[in-house]
Every structure is written in C-alpha cells, then in structure tokens.
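To start, the structure under review is shown below, and the notes come after it.
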Amino acid sequence: MQLPDSAFDHASLVAPTDKTAPSFGQISLRDYVALTKPTIISLLLAVTLVPMFLAGNMPPSPMLIFWTMLGGFLAAGGANTINQFMDRDIDHVMLRTAKRPLPSGRMTPGHVLAFGVLLSVASFVLLWSQVNLLTALLALSGILLYLFLYTGLLKR
C-alpha cells in the first residue's frame, strides 16, 4: 500500500497551510458532524438493521439495536473522518470536497485525526462491551479496510 507522502506528515498535524488555525473552541459542532458524513452512515445503518431481524428466531432487543446502531455510527463516522484526514492533499482541489471542514481551514489536520481516532476507538469499546467482541472486531476490520484498501490504494 502506498499512502501519499503527506498522509502522515507530522508538521501538517499542527495547523492548516494558512496562519489562521482555529482553536478547539472555535470549531463548530456542525463541522464535527460533517466529518462523519451522516447521510452515508444512515444507509449503512439501514443495511445493518435488517439482518439483525433476519438472523435469529427472536427479534433483537431494543437495547441491542440501540448499541449496535450507535457503535456502527461511531465506526463509520471514525472511518469517514480519518478518510478526510488522509485525503486532505486532494480534497482542497475538488469543488465537491473543497468546502469540507479540513480543506476549507475550519479545522486543523490534528483535530480531524484525533476526532476520527476517538470515534473509532469509542466504537470498538462500545461494541465490545455492549454487543459482543465479534461485532467489535468486524467494525474495526471495516474501518481498517476502508482506510487502507479504499483510501490508501484504490483512490490513489
């Protein structure tokens, strides 16, 4: 796998290329939500919910559905966020992606990466503790495959 030279450039974690790096308190909740791509996640969660009802003899409990959906949202949101960190070198040149929080300069690469890792770790811990280890491992493998196969290899 070949990541772009700048994918994990430590200097670029500190601030965007302009000198007006936002502080943590200046970043809006809307920008954090935008990083997760909730519209895409809603489709993923719909595809998750149906097999839960088809897999067993009994419908899943409401709490199992809740924890699975929340863990799935966190996993997909973490992967989407880290994807935007990894794609920061190309997102600013495309009209469709130039207004996202990172290429627009509303967030720093360090904030984006930290948020993505936080969501990913939270999803693993939540799914392991509230659903089961297999579900947590499947979510983690989905995150890693998305980041390293799709983002790292197929898009480059």
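Position 74 (the sequence shown) corresponds to 75 in the working numbering; numbering is contiguous.
Just so you know, even glycine gets a beta-carbon here, dropped at the ideal spot from N, CA and C.
Just so it is clear, the structure is predicted and the values come from calculations on it, not from any experiment.
* What's the C-alpha gap between residue 73 and residue 124? -> As a first step, residue 73 must be located in the sequence shown, where it is residue number 72. As a first step, residue 124 must be located in the sequence shown, where it is residue number 123. Their backbone Cα atoms lie some 7 Å apart in a straight line.
* Taking Cβ positions, are residue 121 and residue 79 nearer each other than 7 Å? -> One-based indexing of the sequence shown puts residue 121 at position 120. One-based indexing of the sequence shown puts residue 79 at position 78. Between residue 121 and residue 79, the gap from beta carbon to beta carbon is short of 7 Å.
* Return the residue from the list 131, 94, 127, 83 that minimises the CA-CA distance to residue 146. => Here residue 146 refers to the residue found at position 145 of the sequence shown. It is 83 whose Cα lies nearest to the Cα of residue 146.
* **Inter-residue Cα distance where the pair is residue 35 and residue 137** => Against the sequence shown, residue 35 aligns to sequence position 34. Against the sequence shown, residue 137 aligns to sequence position 136. Computed Cα separation, rounded: 24 Å.
* To do: Report the three-state DSSP secondary structure of residue 93 (helix, strand or coil).
  => Numbered from its first residue, the sequence shown carries residue 93 at position 92. If DSSP states are grouped into helix, strand and coil, residue 93 belongs with coil.
* To do: Quick one: give me the first and last residue of the alpha helix (DSSP H) that residue 125 is part of.
  => The residue you call residue 125 lines up with position 124 of the sequence shown. For residue 125, the uninterrupted alpha helix (DSSP H) run begins and ends at 110 to 131, by DSSP.
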